[in-house]
Each structure stands twice: as structure tokens, then as C-alpha cells.
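Undergrad:
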Amino acid sequence: MSEKLRGAEIFCRALADEGVDIVFGYPGGAVLHIYDEVFKQDKFKHVLVRHEQGATHAADGYARATGKPGVVLVTSGPGATNCVTGIATAYMDSIPLVVFTGQVSTALIGNDAFQEVDCVGITRPCVKHNFLVERVEDLAITIKKAFYIASSGRPGPVVVDIPKDVTANVTEYHYPESVDVRSYKPTTKGHPGQIKKALQLISQASKPMIYTGGGVILDNASEQLTEFTRILGFPITNTLMGLGAYPGTDPQFIGMLGMHGTYEANMAMHECDLLIAIGARFDDRVTGDLAQFCPEAKIIHIDIDPSSISKNVPVDVPIVGGVSHVLSEMNRLLREDEVKPVDRAKDHWWQQIVTWQGLDCLKFDGDSPLIKPQAVVESLYDVTKGDAFITSDVGQHQMWAAQYYKFDQPRRWINSGGLGTMGFGLPAAMGVQFAYPDSAVACITGEASVVMCIQELSTCLQYDLPIKMISLNNRYMGMVRQWQEFFYDSRYSHSYMDALPDFVKLAESFGHVGMRIENPSDVDGALREAFAMKNRLVFMDFVTDQSENVYPMIAAGKGQHEMHLASDVRELA
Amino acid sequence: MSVRHTISILLENEAGALSRVAGLFSARAYNIESLSVAPTEDPTVSRLTLVTSGSPEIIEQITKQLNKLVDVIRLVDLNESRAIERELMLIKLRAAGGEQREEMKRLIDIFEGSVVDVTESTYTVEIIGDGEKLDSFIEAVSPKRILEVVRSGVLGILRGTKALRA
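Respectively, the protein sequence lines represent chains L and P. For the first sequence, the working numbering gives the first residue as 732, with consecutive numbering after it. For the second sequence, the working numbering gives the first residue as 61, with consecutive numbering after it.
1. Output needed for L/Leu839: all residues of its chain with C-beta closer than 7 Å, excluding positions within five of it in sequence on either side, in chain order.
2. Between the stretch 801-821 of chain L and the stretch 852-863 of chain L, are three or more C-beta pairs nearer than 8 Å?
3. Assuming L/Ile1121 and L/Ile1175 are in contact, meaning their beta carbons sit under 8 Å apart, how far apart are those beta carbons, in whole angstroms?
4. How many Å lie between L/Met990 and L/Met1130 at the Cα?
5. Name, going along the chain, the residues of the stretch 77-107 of chain P whose beta-carbon falls closer than 8 Å to a beta-carbon of chain L.
6. Could you name the residues of chain L that P/Val136 contacts, counting a contact when the two beta carbons are closer than 8 Å?
7. Taking a Cβ distance cut-off of 9 Å, strictly less, list which residues of the stretch 1021-1045 of chain L are near chain P, in chain order.
8. For L/Thr1275, which of L/Asn1062, L/Val1254, L/Ile941 and L/Cys1025 has the nearest alpha-carbon?
9. Tell me, which residues are paired with P/Met164 by DSSP?
10. According to DSSP, is L/Arg1259 part of a helix, a strand, or is it coil?
11. Mind checking which residues open and close the alpha helix (DSSP H) that includes L/Gly945?
12. Starting from L/His905 and walking both ways along the beta strand (DSSP E), at which residues does that stretch end?
13. Flag this pair as touching only if the stretch 1276-1294 of chain L and the stretch 71-83 of chain P have three or more C-beta atom pairs under 8 Å; answer yes or no.
14. I need the straight-line Cα distance from L/Ser1039 to L/Ala929, nearest angstrom please.
15. So with Cβ pairs under 8 Å, would you call L/Tyr915 a contact of chain P?
16. Given a limit of 7 Å on CB to CB distance, which residues of the stretch 887-898 of chain L reach chain P?
17. Within 10 Å of its beta-carbon, does P/Ala89 have 16 or more other beta-carbons around it, so buried, or fewer, so exposed?
18. Are L/Arg913 and P/Ile133 closer than 8 Å when you measure CB to CB?
19. On the DSSP letters alone, give me the boundaries of the beta strand (DSSP E) that P/Leu78 sits inside.
20. Since L/His860 meets chain P, which of its residues come closer than 7 Å, beta carbon to beta carbon?
21. On the criterion of 16 or more Cβ atoms from any shown chain inside 10 Å, does L/Ser1224 qualify as buried, or is it exposed?
22. If you check the beta carbons only, do P/Ile151 and P/Ile206 fall under 8 Å apart?
23. Identify whether L/Val1107 lies in helix, strand or coil by the three-state DSSP scheme.
24. Which value, in whole angstroms, describes the spacing of the CA atoms of P/Ala98 and P/Arg219?
25. Hey, could you find the ends of the alpha helix (DSSP H) L/Ser1240 is sitting in?
26. Could you give the uninterrupted runs of the alpha helix (DSSP H) lying entirely in the stretch 1112-1200 of chain L, keeping only those of 4 residues or more?
27. Looking at the strands, I want to know which residues DSSP matches up with L/Ser1059.
28. Based on the DSSP output, what are the partners of P/Glu72 in its beta bridges?
29. Classify L/Arg744 as buried or exposed, calling it buried when 16 or more other Cβ atoms lie within 10 Å of its own Cβ.
30. Determine whether the beta carbon atoms of P/Glu145 and P/Val214 lie at a separation below 8 Å.
31. Could you please tell me which residues of the stretch 825-853 of chain L, in chain order, have their CB closer than 8 Å to any CB of chain P?
32. If we cut at 8 Å on Cβ distances, does P/Ala226 have a partner in chain L?
33. Can you grab the Cα-Cα spacing for the pair L/Gly792 / L/His1243, in whole Å?
34. So, under 8 Å CB-CB, P/Arg211 and P/Met149 are touching, yes? Tell me the CB distance rounded to an integer number of Å.
35. Hey, is P/Glu120's beta-carbon within less than 8 Å of any beta-carbon in chain L?
36. My output table needs one value for L/Tyr1207: the three-state DSSP class, helix, strand or coil.
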């Protein structure tokens, strides 16, 4: 016998039955019935953020760190619109989120009611799918569908818009074990014929290259990828979204690729004769000028989303399927054939790569009297023994974090790659810290990005989140300044922060510890001191060299081999 | 090389489903030349026929992106099989005086159309055919005579025993 419940109770029961353990949200008129039920239950924790954008980024960070869908609950109107940036951020990086937005009562929809907005309409272009629940009878099944769609196939955010009267109305509660959506059947198994064709190309390659993206992490396929790469002995590069899928300290890993990738990774892409693309989508920040992209290479592309295949770059052997399934299958066949890994010492291709590596493209001036931002990231790596969860905001600091922190495990590097959302880092770190309360969580940020969601420092105090904020403060929007230096004759149009707060006092006023570090010799000690404060959020304001640029750099529209290098490296190239 | 394609789609008959299709085209800068949609014999399913154009790569992306929409049950690019296309046009023409009306009637007969409404000064004509036939009729009539043109957009169905079903 199923019981009769109000919509708001059904909402809470369904979340509990779905196994949700944490919800990030902010109450308001349209969701008051739901919040009343949230108050009465103890099945999931509710985290009160300070702005709905923070809720979406926190849920997103939680999802990226755990692989489970992040859950958001906000009110109608501005509650919903404030979520849009966070939803679009998750959409671009294929992160599973389920965002519940309140809506005015069904009788009022379309009447320009107080706090009414067409949430389904506004979010449509940046969600995997969305729903408006019109009847309480549809609520439980819609919630089930939302979680299923968000977390299966190529994951993504799903919005469920719930009118207030639906949360008040009563019906029998039944939460289905599983759900079938006739129009949604993601392919997870790769085609055996295509897999064989790919292996044939692999056996013929003399300059092979493995290029992997966020899809490997999303499908929890790191183990399979590592086995695949080691069986073959090929060089491997990761995209910004793919870092950590293959151990960053392994000798076969030749660094990130793309606009700020390593010299060796980009040159190897340019000269390879076989490119094995796995869970990556040939983003413009990776390919550079498409006309000059991998001119010599046959391309194999493994992806769960058919629309990613041959979207930007035509491929020779497409394999539609889940990365973990396809790689397991390939590994099985490779093991049967007793493939021997490439002997790096004797192989010409590896010799070429080692020569490129000799350029040491990430070298920077270690003797500067100013704090070099790269040095801060290197120290952070040492102090945390490479074992922290690192979130970042967007800009130069994000690239330095990606270049200098070596990620040996997946789901440790959490950043907004596709949308490039400034303000992501702090709330995302909250989500990670909730998921892993005993782990070190650091947010590498800049003084421009961090103020975009700075209000969440208040949330961190309320829930005692001991996040370490590593702010690389160069008093500029660094990446904007860098482009203006290179491409606009150093006219620094509005990229200068003229009235920065005192970040130490700011942190203290939020109830946290603030530190200002101005000398290179203090960097390491300050980091150790901060991480020793296990129960406190420490905001570290590193006053860094204002003129530092991110190198290597491929200017927009250039080929992968046309990199700008730092001046002291350039002479060797 | 841009080629005209007719794509037939089975869509969940739900609020907002049509705007997902239309939104996809505007968001990705694809063009829609015509669009027609109505429920099928199964009231939960709508049949949508759209005409678009693009290079083979663009058309491939369009069909993949459409397939990715959760509300799209199934689709077929009618250019890839033998198919029948039909469009219906209602056209209101100035037709006053015996000679003018006679001449108009002869033209309508040639196009196998029918006059569905008559006033002292107008004929309203219904013509069914593929897009080219309707275009030819419009060209055959003097522009001065045309008062109003309404076209349904293309409908398409596969020839033979193959059928697009949910």
C-alpha cells in the first residue's frame, strides 16, 4: 500500500530514495512548502549558500569530485536565473547536476506573477534536458527521470521546475526502481568491427599519440586508460578537462596540450601519424587552426556522444561508446595479441619527443625577487605532496595550476574548462570539501576571479570548511592583460583592478584566517603554516609578479606547432 | 556544397518539445526552410517534417544533434531513401470578369488544383504537390493577381514498406 503525501514530502522522500546525501540551496517563496519538509527530515543534508550561483558551482564541484550528480534547490524567478551561469558551466563540461527550481503556481504561470520566470525556456539551451512538473502525480517519476538523464550517457545538467501548488497537492507516493525513456537510449558499447579497425591502425603506427579528455574521467575509465597506455608504450597528453585521468608524474605523460600546453605535447600532436582521441571533443583551445591540425595523422575517436565525432575534425575510425567499455575491450584484445610496449630507448618517435622535452618549456625565473606564480603552485604541490583536491577559477592562475600541479589521480583537478566561469573556484571547493571532509582542498584563484563569488566565504564559516584559498594576486585580470600585451599593443583596457580590498581583513571579517605573502622566501613556510591549520579556512594573498605571462602559448588561429615560448626558452627552439 | 534535405522526426508530443528543435537550429546557426508538425495516430507522438540545407558535414551534425535531444524518438533523413514529398498551398487570387476567371480556371486545371472558395472578385485555390510544383504555379500567375499565399510546409513519407515508427 502506498501512502498519500503532499508534493513537498514526495520531493524529500524521492531525493532520499534516490540516495541523495547533500543538497545545495537557497529558500524563497515558491519553495517554502519544500523547505518546510527539508526542515523535518534528516535523510539528506541541506547546505545554505549565499547566492544561487554558488549553489550550482558547489553541487558541480561535488559532482566532479565524487562522480555522483550534484543537487540544487532554489526558488523561482531570480533564484532560477542566478543558477543559469552554474548550469551552463556544468553543461559545457558534461557534469551531472539536477537543479530543482521553484515556480509560481500553475494557475499563475504566464501571468507575469511575482518572481515568475520561464525557467524551462531560459535554461533550455544550456541543459541536457528540463522538465516543468504540471501535476503532483508526475513529480516522483520526473525526479527519477531527471537523475537518470543527468547521470547516464554523456552526463549533463537537468532542470526540474516545480510550481508551488504541485508541492502542496497530495497523491500516492511511489518511487520507481528504474525508468525507461523511449526517446533516450545512450550507446555504451563500442562496435566490435570499429574496435578491430582501430587496433589495426594502432599496429601500423610509427608516430602514435594518445589524446584524452574529460570523458575518461566522467566514465571512471582511468584504470583502463592507464593499462591501455602502458600496454602500448605510446606518449599521452591530456586536455585541461582530462588531467589526472593518466598519472601526471608518469614518464609516458608529456603534459597538457592546447593553447597553453607543453611544447612537446603540441609538437607531438602536430607530427604524429596516428592520433587516438579518447573522450575528448577537439575543442578550439586544443586544436588551434583546424586547417593545420594534426596534418599527418589518421585519427581514431572514442566518444559516447555521436555528435562529438567529426564535429570539428573529420576522423578515420569513429567508435561510439562508453570510454571504459571500449578501452576494456581494446585492452583485452591487445593482451591476447601479446603486444609489447614501445621501447622508449630505441624508438625514434620517443627520441624526438625527448628532444622536444629538452627545451624545458615550463622553465621560469626561479631567482626573481618577486613571487613567481608558477613557484607558488610548485610549492603547493610539494606541501600537499601532490595529494590535494585543487579547484580553480579562470585565467592565468588556472593555466599555471594545470601546468605545475601534477595530478596523479582523476577527480582531483576541478575547474571550469568549457565555459570558463570566473567565480567557480571557491563554491566548487565547498562542494569538494563536503564530499571529502578530511581531505586537503585548495582553491587556486586570482584576485579578480575570487571576488565574483566571495560571499561564499560566509557559507564556509557556517559549515566549518577548512578550504585553503591560494590567491595569485597580480593586481590585473592577468589573462586579459596578457592578450592585451600581445595583441593590443599593451593597451590595458579595463584589465586593472584599481580598488582591491585588503584580502587579509576581508578573510578575517568573514571569520577566517588571512595571510599576505610578499617575498619568495616566505611562500613555502606560509603554505605549510596554512595547511597545518586543519580546521580553518585560510585565505592566502600571494602578491605576485605583475608582468608574468603564461607560456607556451598558441595564439588564436595559429597551428599547434606555432607556439610563443617564454623568452629564455625561446632562444633554444 | 549546400544541399536541401528533408528530415522527418518523431517527437514526444509534449509542451516545449517543438521549441527544443527550433532552439537547436537557432543556437547552432542552422537554417530551417520549412517546418510542419502535428500529432500522429498515437497522440503521445508528433510527426515533424523540416526542410533545411547545408553541406554533408552540417547535415550530419544536424541529424546527430537532433537525435541527441531527449524528446526526439527517431528521425530519418528522407534524402537518404526514396521518399514522397507533398505540400499543400492555399492561394487567394484576384479573379474578376469572365475572361480572367476562365483563364484562371484553365491554369488551375493544369495544376490539378481546385477552387475551394469563390467570391465576385476572387478565387481561393488549393494545390497539392511538391515544392517545385507550387513554385511553378506561383510563377505562372501574374504577381498582380496574388492576394495571399499560405503553404503548409513539406510533409514527407518513405516509399515502399519501410516506415518511421516510435
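Positions of the beta carbon are idealized from the N, C-alpha and C atoms, including for glycine.
TA: According to the structure shown:
1. The residue given as residue 839 of chain L occupies position 108 in the first sequence. Result list for L/Leu839: Glu847, in chain order.
2. yes
3. Position 390 of the first sequence holds residue 1121 of chain L. Position 444 of the first sequence holds residue 1175 of chain L. Their Cβ separation, rounded to whole angstroms, is 6 Å, which keeps L/Ile1121 and L/Ile1175 in contact under 8 Å.
4. Stepping through the first sequence from its first residue, residue 990 of chain L is reached at position 259. Stepping through the first sequence from its first residue, residue 1130 of chain L is reached at position 399. Computed Cα separation, rounded: 10 Å.
5. Ser79, Arg80, Gly83 and Ala87
6. As a position in the second sequence, residue 136 of chain P is number 76, starting the count at 1. Within 8 Å Cβ-Cβ: nothing; P/Val136 doesn't reach chain L, min ~15 Å.
7. Asp1036, Pro1037, Ser1038, Ser1039, Ile1040, Ser1041, Lys1042 and Pro1045
8. As a first step, residue 1275 of chain L is located in the first sequence; it is residue number 544 there, counting from the start. Closest by alpha carbon: L/Val1254.
9. The count along the second sequence starts at 1 and reaches residue 164 of chain P at position 104. Note: P/Met164 sits in no beta bridge, so no partner.
10. Against the first sequence, residue 1259 of chain L aligns to sequence position 528. Here L/Arg1259 sits in helix by DSSP.
11. Within the first sequence, numbered from 1, the residue matching residue 945 of chain L stands at position 214. Per DSSP, L/Gly945 belongs to the alpha helix (DSSP H) from Gly945 to Leu949.
12. Within the first sequence, residue 905 of chain L is the residue found at index 174, counting from 1. Unbroken run through L/His905: none, as it is neither H nor E.
13. no
14. Position 308 of the first sequence, counted from the first residue, corresponds to residue 1039 of chain L. Position 198 of the first sequence, counted from the first residue, corresponds to residue 929 of chain L. Going by the C-alpha atoms only, they are around 18 Å apart.
15. Numbered from its first residue, the first sequence carries residue 915 of chain L at position 184. At least one chain P Cβ lies under 8 Å of L/Tyr915.
16. none
17. Reading the second sequence from its first residue, position 29 is the one you call residue 89 of chain P. With fewer than 16 Cβ atoms within 10 Å of its Cβ, P/Ala89 is classed as exposed.
18. Stepping through the first sequence from its first residue, residue 913 of chain L is reached at position 182. Stepping through the second sequence from its first residue, residue 133 of chain P is reached at position 73. Cβ distance < 8 Å, so L/Arg913 and P/Ile133 count as in contact.
19. Translated into the one-based positions of the second sequence, residue 78 of chain P becomes position 18. It is not in any beta strand (DSSP E) - P/Leu78 instead sits in the alpha helix (DSSP H) that spans Ala77 to Ala87.
20. Residue 860 of chain L sits at position 129 when you count from the first residue of the first sequence. Within chain P, the residues near L/His860 are Val130.
21. If you number the first sequence from 1, residue 1224 of chain L lands on position 493. Classification for L/Ser1224: exposed.
22. By 1-based counting over the second sequence, the position of residue 151 of chain P is 91. By 1-based counting over the second sequence, the position of residue 206 of chain P is 146. Result yes, Cβ atoms of P/Ile151 and P/Ile206 sit closer than 8 Å.
23. Translated into the one-based positions of the first sequence, residue 1107 of chain L becomes position 376. Note: L/Val1107 maps to helix in three-state DSSP.
24. Counting from one through the second sequence, the residue named residue 98 of chain P turns up at place 38. Counting from one through the second sequence, the residue named residue 219 of chain P turns up at place 159. If you take the alpha carbons of P/Ala98 and P/Arg219, they lie about 20 Å apart.
25. Working through the first sequence from its first residue, we reach residue 1240 of chain L at position 509. Run containing L/Ser1240: Phe1234 to Ser1240, per the alpha helix (DSSP H) assignment.
26. 1127-1135, 1156-1166 and 1187-1193
27. Here residue 1059 of chain L corresponds to residue number 328 of the first sequence, with the count starting at 1. Bridge partners of L/Ser1059: none, in fact.
28. What you label residue 72 of chain P is simply residue 12 of the second sequence in a count that begins at 1. Answer is P/Val105, bridged to P/Glu72.
29. Position 13 of the first sequence, counted from the start, is the residue given in the question as residue 744 of chain L. It is buried - the Cβ of L/Arg744 has at least 16 other Cβ atoms within 10 Å.
30. By 1-based counting over the second sequence, the position of residue 145 of chain P is 85. By 1-based counting over the second sequence, the position of residue 214 of chain P is 154. Yes, they are a contact pair.
31. Val851 and Gly852
32. Mapped onto the second sequence, residue 226 of chain P falls at position 166. Chain L contact via Cβ: present.
33. On the first sequence, residue 792 of chain L is found 61 positions in, with the first residue counted as 1. On the first sequence, residue 1243 of chain L is found 512 positions in, with the first residue counted as 1. Computed Cα separation, rounded: 21 Å.
34. Working through the second sequence from its first residue, we reach residue 211 of chain P at position 151. Working through the second sequence from its first residue, we reach residue 149 of chain P at position 89. Correct: roughly 5 Å between the Cβ atoms.
35. Reading the second sequence from its first residue, position 60 is the one you call residue 120 of chain P. For P/Glu120, the answer is yes, since a Cβ of chain L falls inside 8 Å of its Cβ.
36. On the first sequence, position 476 is the one that residue 1207 of chain L refers to. Of the three classes helix, strand and coil, the one that applies to L/Tyr1207 here is strand, per DSSP.
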